[in-house]
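Undergrad: For the protein sequence lines, the chains are A and B, in the order given. Position one of the first sequence corresponds to residue 9 (the working numbering), numbered consecutively onward. Position one of the second sequence corresponds to residue 7 (the working numbering), numbered consecutively onward. Every residue, glycine too, gets a C-beta built ideally from N, C-alpha and C.
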Amino acid sequence: MASKLQFFIGKGGVGKSTTAALTALLTSVAHRETRLVSLDPAHNQSDIFQRQFTEKPRSICPRLRVMEVDTEYWVKQYLQETQTQIKKTYRYQSAFNLQDCFNILQFAPGLEEYAMLLAFEHIIQTSQDTEEIIFDMAPTALTLRFFSLPSISLLWLEELLKLRSRIYDKKEIISRIKLGPKNLEQDKVKTKLETMITDFKKLRALFQSPQTGVNLVLNPDTLSIAEARRIRTKLEHLGLKITRVIFNKVPPDGNAQKTRQVFKDLPWVRFPYSANNLKGLDELNRYIQIHPQISEILTS
Amino acid sequence: MSSRDLQNSHFLQGLKTRVRQWWSLADQVARSKAVGTIEYEAEELDHIFGLLVLGMFIGMPSPPIHISMALFPLMEEEFTLMLDKITTAHDPLAELFSTLDID
């Protein structure tokens with residue numbers, strides 16, 4: 009069974025984590041097996057539910073499990089695996105000299121979003137029994153880098169494969185002329201490039217598929233609306249569509265008409281402002297009871 | 007068969023072997039010459055590919071790091087060559103002498 013994926017994105021502080029937590033509670037109450045995953049390195053879910061979460065999903069009420077992704081763990085794990093492979097394929101001396109490089113590589117730019125992607129793939133593979141996976145995302149910049157990683161990687165991989173294929177074809181000609189019609193050994197680099205292209209295409213297709221929903225969270229203020237518009241444009245360039253706008257922290261007398269005009273073509277759910285701090289399971293459940301209209305998120 | 011015939015037969019056999027050897031050598035030379043340019047081109051493309059993927063290890067801009075890391079374990083030859091090139095870059099005269107086989 010393919011799980012339905014829901015991403016919560018938006019400007020820092022608009023309430024991505026709270027609206028993601030409330031949505032996760034609503035889906036679990038609606039008898040759907042749900043997993044809430046925090047991909048935000050700041051990890052607000054522990055503060056919201058007032059419990060400690062780790063990489064291991066923790067059940068907090070029937071049909072709802074919560075986990076927080078530790079990107080540092082995934083970076084270390086990934087570098088460790090690469091190093092083990094290098095030790096297997098390289099001669100001892102070269103592998104030994106590379107240790108210093110690896111100590112620095114864990115801080116290399118670009119690894120954080122790749123670690124997020126590795127964690128994401130792992131979660132998809134290990135959540136076959138889950139109907140809904142809700143992702144509480146990092147602030148805009150990191151989230152956009154995360155979503156664009158498959159497309160950017162494919163650009164590079166396809167160009168590298170073209171070059172590698174040219175090299176392989178020329179080597180094949182040389183081998184045929186010099187040694188006759190013997191088959192040239194399969195190029196491992198070319199094979200690896202082809203495998204990576206297939207994997208990233210699958211990932212890009214998953215991001216763009218109808219089973220994936222992107223919830224754009226915003227507040228009634230000009231800055232968050234302006235950033236939401238930019239996010240929409242960027243995601244559309246990547247072939248991702250916003251499936252829903254969540255207008256969060258709407259004051260009781262709030263006039264949302266102006267904002268509604270900006271995103272008039274998209275489904276829309278209002279999450280009213282709460283004077284109480286939404287912390288702890290009881291407080292979240294109370295909010296749901298006071299504002300039953302937010303359950304529109306399950307149908308819109 | 008008379009001894010003269012035998013001598014002739016040996017001579018012909020020897021001649022045939024020598025012609026075959028000569029032909030084989032000429033064929034090898036011709037084949038080497040024919041692919042010389044392609045070989046040089048393939049080698050240069052190999053260098054470019056190595057620099058493209060592993061350039062970050064010598065301070066050059068490179069593709070997203072996970073691509074370099076995925077291919078790194080499979081590219082020891084290119085990596086070693088790149089490191090050698092850096093070493094010889096500091097002493098180009100020594101490299102020239104070594105290429106020309108001058109002690």
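Note down, in chain order, every chain A residue with its Cβ under 9 Å from the Cβ of B:D90.
TA: Along the second sequence, one-based indexing puts residue 90 of chain B at 84. Under the 9 Å cutoff, chain A gives no residues; its nearest Cβ is about 12 Å from B:D90.
Undergrad: With A:T62 as the anchor, note down where its beta strand (DSSP E) starts and where it stops.
TA: For this step, residue 62 of chain A is matched to residue 54 along the first sequence. Segment: none, A:T62 is in no beta strand (DSSP E) and carries neither H nor E.
Undergrad: According to the Cβ coordinates, are A:I302 and A:V277 closer than 8 Å?
TA: As a working note, residue 302 of chain A is residue 294 in the first sequence. As a working note, residue 277 of chain A is residue 269 in the first sequence. Taking 8 Å as the Cβ cut-off, A:I302 and A:V277 qualify as a contacting pair.
Undergrad: Just mark A:K170 as buried or exposed, buried being the case when its beta carbon has 16 or more other beta carbons within 10 Å.
TA: Start at 1 with the first residue of the first sequence, and residue 170 of chain A comes out as number 162. Classification of A:K170: exposed, given that the 10 Å Cβ count is below 16.
Undergrad: Does the distance from the CB of A:V74 to the CB of A:Q53 come in under 8 Å?
TA: By one-based count along the first sequence, residue 74 of chain A stands at place 66. By one-based count along the first sequence, residue 53 of chain A stands at place 45. Yes, the Cβ-Cβ distance between A:V74 and A:Q53 is below 8 Å.
Undergrad: Are the beta-carbon atoms of A:L44 and A:L72 separated by less than 8 Å?
TA: Stepping through the first sequence from its first residue, residue 44 of chain A is reached at position 36. Stepping through the first sequence from its first residue, residue 72 of chain A is reached at position 64. Closer than 8 Å, so yes.
Undergrad: Nearest to A:Q58 by alpha carbon, out of A:T26, A:P49, A:T35 and A:E41?
TA: Numbered from its first residue, the first sequence carries residue 58 of chain A at position 50. The shortest Cα separation from A:Q58 among A:T26, A:P49, A:T35 and A:E41 belongs to A:T26.
Undergrad: So what's B:S68 in DSSP terms, helix, strand or just coil?
TA: As a working note, residue 68 of chain B is residue 62 in the second sequence. Correct three-state label for B:S68: coil.
Undergrad: With distances taken Cα to Cα, identify the nearest neighbour of A:F78 among A:T62, A:K179 and A:R184.
TA: By 1-based counting over the first sequence, the position of residue 78 of chain A is 70. According to the sequence shown, residue 78 of chain A is Asp rather than Phe. Checked all of A:T62, A:K179 and A:R184; the closest Cα to A:D78 is A:T62.
Undergrad: On the DSSP bridge list, what partners appear for B:W29?
TA: To locate residue 29 of chain B, count along the second sequence from 1; it is residue 23. Answer is none; B:W29 lacks a bridge partner.
Undergrad: Of all Cβ atoms in chain B, is any one closer than 8 Å to the Cβ of A:M204?
TA: Along the first sequence, read from residue 1 onward, the residue named residue 204 of chain A stands at position 196. A:M204 counts as touching chain B.
Undergrad: Name the residue from A:T267, A:D273 and A:K257 whose alpha carbon lies nearest to the alpha carbon of A:Y295.
TA: Stepping through the first sequence from its first residue, residue 295 of chain A is reached at position 287. The candidate whose alpha carbon is nearest that of A:Y295 is A:K257.
Undergrad: B:M81 touches chain A at which residues, Cβ-Cβ below 8 Å?
TA: Sequence index remark: in the second sequence, residue 81 of chain B carries index 75 (1-based). Neighbours of B:M81 on chain A, chain order: V197.
Undergrad: If you draw a straight line from the alpha carbon of B:A40 to that of A:E166, how long is it in whole angstroms?
TA: By one-based count along the second sequence, residue 40 of chain B stands at place 34. By one-based count along the first sequence, residue 166 of chain A stands at place 158. Taking the straight line joining both Cα atoms gives about 31 Å.
Undergrad: Check each candidate in A:R153, A:V253, A:T97 and A:I131 and name the one with the smallest Cα separation from A:P65.
TA: Residue mapping note: residue 65 of chain A aligns to position 57 of the first sequence, counting from 1. When each option's Cα is compared against that of A:P65, the closest is A:I131.
Undergrad: If we count the other Cβ atoms within 10 Å of its Cβ and call it buried at 16 or more, is B:Y46 buried or exposed?
TA: As a first step, residue 46 of chain B must be located in the second sequence, where it is residue number 40. Under this definition B:Y46 is an exposed residue.
Undergrad: Any idea if A:D144 is buried or exposed, counting beta-carbon neighbours within 10 angstroms, 16 or more meaning buried?
TA: Here the question's residue 144 of chain A lines up with position 136 in the first sequence. Buried, by the Cβ-count rule.
Undergrad: Note down, in chain order, all residues in the stretch 31-46 of chain B with a beta-carbon under 7 Å from any beta-carbon belonging to chain A.
TA: Residues passing the 7 Å Cβ filter: R37, A40, V41, I44 and E45.
Undergrad: When the cut-off is 8 Å and only beta carbons count, does B:L87 lie next to chain A?
TA: Reading the second sequence from its first residue, position 81 is the one you call residue 87 of chain B. Chain A, which has no Cβ nearer than 8 Å to the Cβ of B:L87, makes this no.
Undergrad: Measuring straight from C-alpha to C-alpha, what distance separates A:N284 and A:N293?
TA: Counting from one through the first sequence, the residue named residue 284 of chain A turns up at place 276. Counting from one through the first sequence, the residue named residue 293 of chain A turns up at place 285. Distance between the alpha carbons of A:N284 and A:N293 is about 13 Å.
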